[in-house]
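S.K.: Sharing a structure with you now.
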Amino acid sequence: MERGAIPAKDACFQCYHPPVFYWISAIIGKMALAGGMTPPHMMKLLQFVCCFYGIATLGVCYVILRKFPLSAFSSAIAFGAICFLPRHIYMSAMNSNDTISYLCVAISIYLSIVAFERRLARLGLALLSIVLTVTVFTKYTAFAVLPAVLAGVLWAYHVRLVVSRKQLWLSLLAVLVLPLSVLGGYMAANVKHYHTPLPWNVSLYDPSVHRPRDPEPISFVSFKPWEDVVMPMLAPGKLHSFWTMLYSGMWFDTEPYFLSFLDANGDWWQHYYSWYRGEEPFPGKNPSLSRVTMFSAAGLILLGLV
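Counting along the sequence shown from 1, when you hit position 222 you're at 227 in my numbering, and nothing is skipped either side.
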C-alpha cells in the first residue's frame, strides 16, 4: 500500500504467496484510508473482509449441495460439517489468503457443475476459465482445483455429456488454456528472478528444520486418536505418525490453538509452543487441563472422525 507494488518474494518469509489476495486487500485498504479511516481500523476492516470470504464460502457450498440429490439429513450433516469445521472458523478470523482461496475454489467447483448441467456451453466454460485463473493466484494450495476440473471434464466425456473427442479437447482447451498459460508465465518469471518456479522461502525460515521430531521415521499406519483424549495435543512419541500430525494441526492443536484459550495455565502453553517451534524441550504433561478443555478436545476429535 505504501509503495504501490507487491514486495519481492524473498523480502520476507511469507512474501512468496501469489498476488490476488494482496492486490484486493491493498485496493480496499487504500479506499478505506482515503475515506478517513485510521490505519488500525483499516487493518480491522481487512480482517473482516477475510471473514466475509469465509462466510461467502459457506453460501457457495450450500448452493453446491443443492445441486445433488441428497436427503435433508445428509445435506444438513454435510453443511454442518463445513460450518463448524474448526480450521475454517479459525482461518476466517485471520487476515490471510486462506479464506479467499477457499471461496474461489468453491466458486470454481460450482461453475464446473453449472457447465456440466449446460453440456459445456461456451459461455459457461469461458467464465469458469476466468475464475480458475484468479483462483490459482490466491494460494499455491488452490492449484488442486485444476486437476479437479480436469477430472470433471473427463467424467463428462465418460457419461456422454461430451459426445465426441473433438468436443472433449475443445472443452479442455477452453477451460484450461488461460489459467495454465498465465500460471506458466508466472512460473517462468519466478525462475528468472528467484531461480525456482514456485518460491518458498525456506532459506529464511525452514519449519521442517526447527520443528521437533521423533527418532522413528514417519509412519502412515500409526494413528491413535483415542490417545488424544488423554493428552489432547502433540507430544514426543506422537510426532512420527503422519495422520496424527495432520489431524492435530487441522482440528485443534498446532493451527487453531483452541486449547490454549480454554486453559488458564498460560505459562505452560508458552513453553509448549516454544517446544513446537524447536526452541525449548517439551514441558511435560499439562497438570491443569480442565474438564471443559478435555471435553472440547474430545468433541473436536469426534467431530473430525465423523
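Every residue, glycine too, gets a C-beta built ideally from N, C-alpha and C.
Count Cβ pairs between the region 130 to 146 and the region 109 to 116 that sit closer than 8 Å; are there 3 or more?
M.R.: Touching, per the Cβ criterion.
S.K.: Can you grab the Cα-Cα spacing for the pair Val196 / Gly189, in whole Å?
M.R.: In a straight line, the C-alpha of Val196 is about 11 Å away from that of Gly189.
S.K.: State whether the region 87 to 94 contacts the region 10 to 30, with contact taken as three or more CB pairs (one from each stretch) at a distance under 8 Å.
M.R.: Counting Cβ pairs under 8 Å, fewer than three are found: no touch.
S.K.: So who's on the other strand from Ser246, going by DSSP bridges?
M.R.: Per DSSP, Ser224.
S.K.: Tell me, please, whether the region 153 to 160 touches the region 199 to 214 by the rule of three or more beta-carbon pairs shorter than 8 Å.
M.R.: Verdict: no, contact absent.
S.K.: Distance, Cα to Cα, Arg216 vs Ile223?
M.R.: Spanning the two alpha carbons is a distance of roughly 14 Å.
S.K.: Taking a contact to mean a Cβ-Cβ separation below 7 Å, would you say Leu108 touches Ala149 in this structure?
M.R.: Result no, Cβ atoms of Leu108 and Ala149 do not sit closer than 7 Å.
S.K.: Contact check, Leu244 vs Arg218 under 8 Å by CB: the rounded distance?
M.R.: Indeed, because the Cβ distance is near 6 Å, the residues count as touching under 8 Å.
S.K.: Can you tell me whether Leu90 is helix, strand or coil according to DSSP?
M.R.: Note: Leu90 maps to coil in three-state DSSP.
S.K.: Provide the residue span of the alpha helix (DSSP H) that contains Gln19, from first to last.
M.R.: Looking at the DSSP string, Gln19 is not in any alpha helix (DSSP H), and its letter there is neither H nor E.
S.K.: Shortest alpha-carbon distance to Glu122 belongs to which of Pro152, Leu151, Tyr162, Trp280?
M.R.: Checked all of Pro152, Leu151, Tyr162, Trp280; the closest Cα to Glu122 is Tyr162.
S.K.: Do you know offhand how far Ala81's Cα is from Tyr67's?
M.R.: Cα to Cα, Ala81 sits roughly 10 Å from Tyr67.
S.K.: Taking 7 Å as the limit between beta carbons, can you name the residues of its chain near Gly34, skipping five residues before and five after?
M.R.: Answer for Gly34: Met6, Met47, Leu51, listed in chain order.
S.K.: Let me check understanding here. Comparing Cα to Cα, which of Phe53, Gly41, Phe18 lies closest to Ser30?
M.R.: For the residues Phe53, Gly41, Phe18, the minimum Cα distance to Ser30 belongs to Phe53.
S.K.: CA-CA distance, Val182 and Leu128?
M.R.: Cα to Cα, Val182 sits roughly 15 Å from Leu128.
S.K.: Exposed or buried, which one is Asp103 when buried takes at least 16 other CB atoms within 10 Å?
M.R.: By the 10 Å Cβ count, Asp103 comes out buried.
S.K.: Please report the distance separating the alpha-carbon of His276 from that of Pro152.
M.R.: The alpha-carbon atoms of His276 and Pro152 are separated by roughly 42 Å.
S.K.: Tell me whether Cys55 is buried or exposed, calling it buried when 16 or more other Cβ atoms sit within 10 Å of its Cβ.
M.R.: Under this definition Cys55 is a buried residue.
S.K.: Given Leu70, which residues of its chain have a CB within under 7 Å of its CB, disregarding the five upstream and five downstream residues?
M.R.: So the qualifying residues of the chain are Ser80, Ala83, Phe84.
S.K.: So, are the CB atoms of Ser279 and Glu285 less than 7 Å apart?
M.R.: Their beta carbons are under 7 Å apart, which means Ser279 touches Glu285 by this criterion.
S.K.: Do you know whose CA, among Arg282, Ser76, Trp28, lies nearest Tyr210's CA?
M.R.: Ranking the options by Cα distance to Tyr210, first place goes to Arg282.
S.K.: Go ahead and pull the three-state DSSP assignment for Arg123.
M.R.: Coil at Arg123, not helix or strand.
S.K.: In the structure shown, what three-state DSSP assignment does Lys4 receive?
M.R.: Residue 4 is absent from the model: the chain starts at 6 and stops at 311.
S.K.: Please determine, among Val235, Val141, Ala303, Phe225, the residue with the shortest C-alpha to C-alpha distance to His22.
M.R.: The candidate whose alpha carbon is nearest that of His22 is Val141.
S.K.: What is the DSSP secondary structure of Met299, counted as helix, strand or coil?
M.R.: If DSSP states are grouped into helix, strand and coil, Met299 belongs with the helices.
S.K.: Would you give the residue range spanned by the alpha helix (DSSP H) that Pro152 belongs to?
M.R.: 150 to 163 is the extent of the alpha helix (DSSP H) around Pro152.
S.K.: Compute the Euclidean distance between the alpha carbons of Leu44 and Ala37, then round it to the nearest angstrom.
M.R.: First, the residue type needs correcting, since residue 44 is Pro and not Leu in the sequence shown. Rounded to the nearest angstrom, the two C-alpha atoms are 9 Å apart.
S.K.: By Cβ distance, which residues of its chain are closer than 7 Å to Tyr27, with the 5 residues on each side in sequence left out?
M.R.: Closer than 7 Å at Cβ, skipping near neighbours: Ile11.
S.K.: For Ala147, collect the residues of the same chain with a Cβ closer than 7 Å to its Cβ; drop the 5 residues on either side in sequence, then sort them by chain order.
M.R.: Once the five neighbours on either side are set aside, the close Cβ partners of Ala147 are Ser106, Cys109, Val110, Thr140, Val141.
S.K.: Alpha carbons only, please: which of Tyr191, Val235, Gly242, Ser101 is nearest the one belonging to Asn291?
M.R.: Answer by Cα proximity: Val235.
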